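Below is one structure, written out as structure tokens; comments come after it.
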Amino acid sequence: MTPSTAPSAASGTPANWAPLLEQAAREVFELMLGCKLTVSTNSTQGGSEITSMVGLAGQLCGLLTIRCSRKAAALMASKMLGMEMGEADGEVFDAYGEVGNMVAGNFKNKIPGLGDGCMLSVPTVVTGSDYSLHSNAAVPAIELRLLFESLPLVIALQISE
Amino acid sequence: MNSISALIVDDSSVMRKIVERSLRQAGMDLKQVLEAANGAEALGILNDNLVDIILCDINMPVMDGLEFIKRLPGVANAKGVPVVMITTEGSEAHVVQAISAGARGYIRKPFTADQVKEQIIPILAGKP
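Those protein sequence lines, which keep their order, are chains A and B.
First residue of the first sequence? That's 1 in the numbering used here, and the numbers climb one at a time after it.
First residue of the second sequence? That's 1001 in the numbering used here, and the numbers climb one at a time after it.
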């Protein structure tokens, strides 16, 4: 069941994965939150106060991150649970981590041959924006700038050697 | 359909609530919903409780869903209870592992209430 070749050979280069990542994110938001993501035309959008991180290991190693404002994260939790959630509610972090987990899982399942050979970490949620990520990325990160209910959302996939 | 008792196993409390809501949206009459954050907790719950169906994640700390399902044959209260995996791990290998270990169904996250309904109602209907 385990593929004998790395996924990049069969599934295009990571540069071609941006549409798959966007599709994976759109499906998660439509099915689990009941809302559509739109593409942001603002390349300098802010609001990255909370980050959901999921690591990938195996045939594909890297890190998927989702960044947005705390307001957006609370709104995601509200939509997932069908009830009003405050920005400080502990379940916001749980829900936001699950969003990252589902986007990462849905993405890897879209790449033929990758699902069996790529494992996901449990999600981690970081609050605050005063940090930098340093990785041994093999290629530039795939970065999607989207809008969730008109609120900025950045989804990035850093692929390591 | 008669009212049922369900055990939902997921390390995310939010996801446990979403699964419960999906069961209700699918028209299930839930008389009892038990929750566990990992396989070990779920085994402990099954020592003292009878349920009609178990819905279980795969990636969990302490004891993952595949290890949990492998241990179910040793639990008297779990005999004949169908297990449906609900997980982001949607690869063919994971599905085969889960079904080989005894899972009766497999739902990939993200999912809809309709998908839950399509998987679970036939399983409950066919339960001896």
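We put the CB at the ideal spot given by N, CA and C, even for glycine.
Since we're looking at a predicted model, the values are computed, not measured.
- Compare the C-beta of GLY97(A) against all C-beta atoms of chain B and say whether one is closer than 9 angstroms. So yes, GLY97(A) belongs to the interface.
- On the three-state DSSP scale, how would you describe VAL125(A)? strand
- Item | SER132(A) versus ALA73(A), VAL28(A), LEU31(A) and ARG67(A), residue with shortest Cα-Cα distance | ARG67(A)
- Decide if the segment 1056 to 1064 of chain B is in contact with the segment 71 to 80 of chain A; the criterion is three or more beta carbon pairs, one per stretch, under 8 angstroms apart. no
- Task: For the segment 1072 to 1110 of chain B, list the beta strand (DSSP E) runs that are entirely contained and at least 3 residues long, ordered along the chain.
- Result: 1083 to 1087 and 1105 to 1108
- From the beta carbon of ASP116(A), is the nearest beta carbon of chain D less than 9 angstroms away? Looking for chain D here will not work: the only protein chains present are A and B.
- Message: Considering Cα atoms alone, identify which of GLY113(A), ASP130(A) and GLU22(A) is closest to VAL39(A).
- Response: GLU22(A)
- Item | From ALA25(A), ASP116(A) and GLU84(A), residue whose alpha carbon lies closest to that of ASN101(A) | ALA25(A)
- Examine the Cβ distances between the segment 1081 to 1096 of chain B and the segment 1040 to 1055 of chain B and report whether three or more of them are shorter than 8 angstroms. A contact exists between the segment 1081 to 1096 of chain B and the segment 1040 to 1055 of chain B.
- Query: Within 10 angstroms of its Cβ, does ASP116(A) collect 16 or more other Cβ (buried), or is it exposed?
  - Reply: buried
- Item | CA nearest to the CA of VAL1075(B), picked from SER1005(B), ILE1045(B), ASP1057(B) and ILE1008(B) | Nearest to VAL1075(B) by C-alpha distance, out of SER1005(B), ILE1045(B), ASP1057(B) and ILE1008(B), is ILE1045(B).
- Using a Cβ cut-off of 8 angstroms, pull out every chain A residue sitting near ASP1011(B), in sequence order please. VAL122
- Item | Cα-Cα separation, GLU1035(B) to ARG1024(B) | 15 angstroms
- Message: Please classify LYS1109(B) as buried or exposed, where buried requires at least 16 other C-beta atoms within 10 Å of its C-beta.
- Response: Burial is judged here by how many other beta carbons sit within 10 angstroms of a residue's own beta carbon; LYS1109(B) has at least 16 and is buried.
- Could you tell me how far apart the beta carbons of GLU91(A) and SER1022(B) are, in whole angstroms, since I believe they sit closer than 8 angstroms? Not quite, the Cβ-Cβ distance comes to about 17 angstroms (not below 8 angstroms), so this is no contact.
- Start and end of the alpha helix (DSSP H) containing PRO1122(B)? 1113 to 1125
- Message: Within a Cβ cutoff of 7 angstroms, which residues of the same chain sit near LEU20(A), ignoring the five residues on either side of it in sequence?
- Response: The beta carbon of LEU20(A) sits closer than 7 angstroms to the beta carbons of PHE107, LYS110 and ILE111 from its chain, once the five residues preceding and following it are set aside; these are given in chain order.
- MET102(A) CB to nearest chain B CB: under 9 angstroms? yes
- Taking the continuous beta strand (DSSP E) assigned at SER1005(B), which residues delimit it? 1004 to 1009
- Message: To the nearest angstrom, how far is the alpha carbon of TRP17(A) from that of ASP1029(B)?
- Response: 42 angstroms
- Nearest-angstrom Cα distance between CYS35(A) and LEU147(A)? Answer to the nearest angstrom: the Cα atoms are 11 angstroms apart.
- GLY87(A) versus ILE50(A), LEU33(A) and ALA104(A), residue with shortest Cα-Cα distance: Looking at the sequence provided, one finds Glu at residue 87(A) rather than Gly. Residue ILE50(A) is the option with its Cα nearest to GLU87(A).
- What residues match up with CYS68(A) in a beta bridge as DSSP calls it? ILE50(A) and LEU153(A)
- Is the beta carbon of ASP1011(B) less than 9 angstroms from the beta carbon of MET1060(B)? yes
- Query: Just reading off the beta strand (DSSP E) that ILE142(A) is part of, what are its end residues?
  - Reply: 142 to 148
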